[in-house]
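Below you'll find the structure, written out as structure tokens, and then a few comments.
There are 2 protein chains.
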Amino acid sequence: MARKIAERSDIVPVLGEIFRERGFAGASLSEITQRTGLGKGSLYHFFPDGKEEMAKVVLDDVADWFETNVFVPLGTAEDPEVGIDHMFKATVSFFHSGRRVCLVGTFALDDTRDRFAEVIHAYFAAWTKALASALRRRGFGIKAARATAEDVVAGIQGALVLARSQDDPGVFTRAIKRLQARTKTAPAA
Amino acid sequence: MARKIAERSDIVPVLGEIFRERGFAGASLSEITQRTGLGKGSLYHFFPDGKEEMAKVVLDDVADWFETNVFVPLGTAEDPEVGIDHMFKATVSFFHSGRRVCLVGTFALDDTRDRFAEVIHAYFAAWTKALASALRRRGFGIKAARATAEDVVAGIQGALVLARSQDDPGVFTRAIKRLQARTKTAPAA
DNA sequence: GTCTATAAAGCGATAGAC
DNA sequence: GTCTATCGCTTTATAGAC
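As you go down the protein sequences, you meet chains A and B in turn. Going by this note's numbering, the first sequence opens with residue 205, and the numbers climb by one from there. Going by this note's numbering, the second sequence opens with residue 205, and the numbers climb by one from there.
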């Protein structure tokens with residue numbers, strides 16, 4: 205199964221980690237060549253438009269993963285509670301219990317957002333929408349479902365910031381528990 | 205009142221905006237010279253250690269502002285509810301209703317955190333602690349106060365991310381309202 | 001205190017051999 | 001598909017005149 209010839213999909217995860225750690229502006233081609241083990245020639249063969257294309261592919265990859273592993277289950281699980289609980293599990297797993305930041309969130313904060321405005325907007329919109337839909341099916345009213353969905357998605361992002369600031373994954377896992385509890389009962393009017 | 209000779213304090217706010225917009229890695233000295241109107245000579249006169257010192261001074265400036273305008277009122281207001289409500293007002297104002305990101309949060313997400321770990325840690329720890337203390341005085345139990353404080357501080361950070369991703373300050377102001385409501389009554393055990 | 005000139009290093013990107 | 005060599009530019013930082 206070992207291939208000598210690299211495929212683009214082999215290095216996308218590595219690129220993801222680099223962009224997460226350094227941000228878009230801070231990710232240098234020299235670090236990318238080192239950590240992927242590929243020369244610039246190979247990199248530009250796979251990504252003719254350079255760093256911008258690398259980031260775009262990584263963003264699309266993340267969006268695809270969430271679409272398949274989180275958003276679709278949220279919408280299709282027969283029991284919406286199962287879909288929601290699965291979302292929290294997948295989230296904790298994907299973000300390594302708060303040790304790994306959200307690439308899309310990181311890009312959203314500085315001027316990198318403007319480069320990738322569409323993907324970034326779509327990612328969070330899809331998440332919020334899928335969760336609100338599941339909450340509706342759980343019996344939440346339209347407004348409560350939307351509000352709680354926004355609350356949970358923002359809460360996850362904020363917990364990642366806070367956990368990293370304190371260098372304490374416990375901050376993240378505690379936040380997840382509270383957020384999950386909030387999806388069990390609709391808030392008072 | 206017009207001074208020709210610049211003071212360091214005159215340009216700190218400008219530096220703050222640049223770092224907020226570009227992040228630490230993305231903020232270039234050429235943009236800093238342009239937007240401050242000062243040459244490199246002047247900049248290195250005020251900040252001998254260059255960009256790193258500029259960022260440090262801005263971080264300290266932000267921390268001081270919050271200490272004075274948010275954390276102290278939280279702890280000293282006779283009526284803790286007044287202090288908490290003031291915190292939300294000051295927060296909405298400081299972050300321009302979600303149009304301005306949190307510098308400390310932005311720095312916390314990527315490897316910039318490691319450069320300024322202490323200030324970043326202290327900022328969020330102080331915020332959480334001051335809010336928890338006010339909630340205690342409002343009648344929250346110790347655990348409820350801590351949990352709600354973490355919830356609110358994380359919620360604010362997440363709302364900034366989400367609002368920027370959607371390019372919609374409404375996301376932020378709605379979140380603030382929900383978070384504020386959550387400080388009025390202790391959550392069920 | 002402010003400026004211009006300059007240095008040295010690193011950047012993203014390209015060319016061309018293999 | 002992968003590499004090395006190189007281009008042109010920008011970067012942070014320094015030196016020294018005023």
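Using N, Cα and C, we set each Cβ at its ideal position, and we do this for glycine too.
Beta carbon proximity, residue i to chain A, threshold 8 Å
i: residue 336 (chain B); result: no
i: residue 368 (chain B); result: yes
i: residue 361 (chain B); result: yes
i: residue 294 (chain B); result: no
i: residue 205 (chain B); result: In this prediction, residue 205 (chain B) scores a pLDDT of 47, lower than 50, which makes its location untrustworthy; the coordinate-derived value is nonetheless stated afterwards. No, its Cβ sits nowhere closer than 8 Å to a Cβ of chain A.
i: residue 261 (chain B); result: no
Below-8 Å beta-carbon distance, residue i vs any chain B residue
i: residue 390 (chain A); result: no
i: residue 178 (chain A); result: Absent from the model: residue 178 (chain A). The displayed extent of chain A is 205 to 393, so no value can be given.
i: residue 227 (chain A); result: yes
i: residue 317 (chain A); result: yes
i: residue 375 (chain A); result: yes
Rounded separation between residue i and residue j - CA only
i: residue 275 (chain B); j: residue 375 (chain B); result: 25 Å
i: residue 381 (chain A); j: residue 314 (chain B); result: 25 Å
i: residue 367 (chain A); j: residue 361 (chain B); result: 11 Å
i: residue 281 (chain B); j: residue 358 (chain B); result: 23 Å
i: residue 148 (chain B); j: residue 301 (chain B); result: Outside the displayed span of chain B (205 to 393) sits residue 148 (chain B), for which this structure offers no information.
i: residue 294 (chain A); j: residue 246 (chain B); result: 51 Å
i: residue 378 (chain B); j: residue 318 (chain A); result: 23 Å
i: residue 259 (chain A); j: residue 340 (chain B); result: 45 Å
i: residue 234 (chain B); j: residue 287 (chain A); result: 50 Å
i: residue 257 (chain A); j: residue 251 (chain A); result: 6 Å
i: residue 238 (chain A); j: residue 322 (chain A); result: 30 Å
i: residue 209 (chain B); j: residue 351 (chain B); result: 49 Å
i: residue 298 (chain B); j: residue 290 (chain B); result: 12 Å
i: residue 264 (chain B); j: residue 310 (chain B); result: 15 Å
i: residue 285 (chain B); j: residue 372 (chain A); result: 29 Å
Contacts around residue i, its chain only, beta-carbon distance under 7 Å, and the 5 residues preceding and following it disregarded
i: residue 345 (chain A); result: 390
i: residue 354 (chain A); result: 332
i: residue 312 (chain B); result: 324
8 Å Cβ cut-off: residues of chain A touching residue i
i: residue 313 (chain B); result: 227, 305, 309, 310, 313, 364, 365 and 368
Contacts that residue i makes with chain A (C-beta to C-beta distance below 7 Å)
i: residue 265 (chain B); result: Within chain A, no residue comes near residue 265 (chain B); the closest Cβ sits about 18 Å away, beyond 7 Å.
Own chain, CB closer than 8 Å to residue i, minus 5 neighbours either side, in chain order
i: residue 262 (chain A); result: 216, 219, 220, 223 and 307
i: residue 325 (chain A); result: none
Chain-ordered chain B contacts of residue i [CB-CB under 8 Å]
i: residue 355 (chain A); result: 359, 379 and 382
i: residue 351 (chain A); result: 378 and 382
Cβ shell of residue i (< 6 Å), same chain only, five flanking positions each side left out
i: residue 384 (chain A); result: 292
i: residue 363 (chain A); result: 376 and 379
i: residue 316 (chain B); result: 228
i: residue 231 (chain B); result: 222 and 223
Neighbour list for residue i in chain B, Cβ cutoff strictly below 9 Å
i: residue 412 (chain A); result: Coverage of chain A is limited to positions 205 through 393, which leaves residue 412 (chain A) absent and any answer about it impossible.
Can you list, in chain order, the residues of the stretch 322 to 336 of chain B whose Cβ is nearer than 9 Å to any Cβ on chain A?
324, 325, 327, 328, 329 and 332
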